[in-house]
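As they're listed, the protein sequences go chains S and Y. Position one of the first sequence corresponds to residue 85 (the working numbering), numbered consecutively onward. Position one of the second sequence corresponds to residue 26 (the working numbering), numbered consecutively onward. In this text, a Cβ means the ideal position worked out from N, Cα and C, and glycines have one as well. Since the structure is predicted, the reported quantities are computational estimates derived from the model, not experimental observations.
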Amino acid sequence: MSTAMNFGTKSFQPWPLDKGSFPLDHFGECKNFKEKFMKCLRDNRFENALCRNECKEYSECRMERQLVAAEPLEKLGFADLMDGKSEAETSFDEKATTGHVHGCWKQSSPH
Amino acid sequence: MVPVKDRIIKVTFNADVHASLQWNFRPQQTEIYVVPGETALAFYKAKNPTDKPIIGISTYNVVPFEAGQYFNKIQCFCFEEQRLNPQEEVDMPVFFYIDPEFAEDPRMVNVDLITLSYTFFEAKEGYKLPVPGYN
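What follows is the structure, encoded as structure tokens:
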């Protein structure tokens, strides 16, 4: 990687990992969900948007096994995937208020 | 965070190990297609093929450099010591998203490929891991 003499670019802080360390799944407890997600990617030409359900399931698995802090799924923007409502795109400020966002889903309407 | 659906970005993945680290380390997908504002999941895999436990620690890099400021890792396995026992193999996920402001930066208008590279080192006392930053 070349030396970056970019004095004019806006400064950037690497975003801190909000939940601290991210334990690995040493016992492979969520391996099945990972395999489902990877199969979804391969079946859908690696389009991430088409595999949000599998991503959600993997995240749920991690939460259930306490590999990551549990959060209510509705708060994580999965409400549309859970009860079949159409997705609502809204501006969202979770990053600003909590300092982090959660993975693999679009944020639904704030409640 | 509103996904910018008309800006499809291909993210590709590299995996490297430092010469002294006897791990096998590779991405589990060659690429994934995302849009700014949409969070994504990708996997690496690491195996310790030796008969001794080995502790590794990784850093990451993003090219092009200017796109890196929009690349947000929600959670990943980097910067933390990770121990693999003999013959142990583990999946390593990365949750990330590209900031929607990427789509509004005129310097990014021709950027449709971003490459994420992870490099694992053997964790040793006194070793200072180079942390990427754009300051």
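When only Cα atoms are considered, Y:L138 and Y:I57 end up about 10 Å apart. When rounded, the separation of the alpha-carbon atoms in Y:N110 and Y:G93 is 33 Å. Within the segment 103-118 of chain S, contact with chain Y at the beta-carbon level (separation under 7 Å) is assigned to K103, S105, F106, L108, D109, H110, K115, K118. Interface with chain S (7 Å Cβ-Cβ cutoff): Y:F102 is included.
Y:V60 and Y:F50 have their C-alpha atoms some 27 Å from each other. Interface with chain Y (7 Å Cβ-Cβ cutoff): S:C124 is excluded. When DSSP reads this structure, Y:G81 sits in a beta bridge with Y:Q107, Y:E147.
Across the structure, Y:Q53 and S:E119 are spaced so that their CA atoms are roughly 10 Å apart. Taking the C-beta atoms as reference points, Y:G62 is found nearer than 7 Å to Y:P125. Nearest C-alpha to S:Y142 among S:L108, S:K115, S:P107, S:F130: S:K115.
In the three-state reduction of the DSSP assignment, S:P107 falls in the coil class, being assigned neither a helical nor a strand state. Measuring C-alpha to C-alpha distances from Y:I123 to each of Y:I79, Y:S45, Y:A65 identifies Y:A65 as the nearest. Residues L151 of the same chain have their beta carbon placed closer than 7 Å to that of S:P107, with the five preceding and five following residues left out of the count.
Under the DSSP definition of a beta bridge, Y:P52 partners with Y:Y69.
In the structure shown, the three-state DSSP call for Y:N135 is coil.
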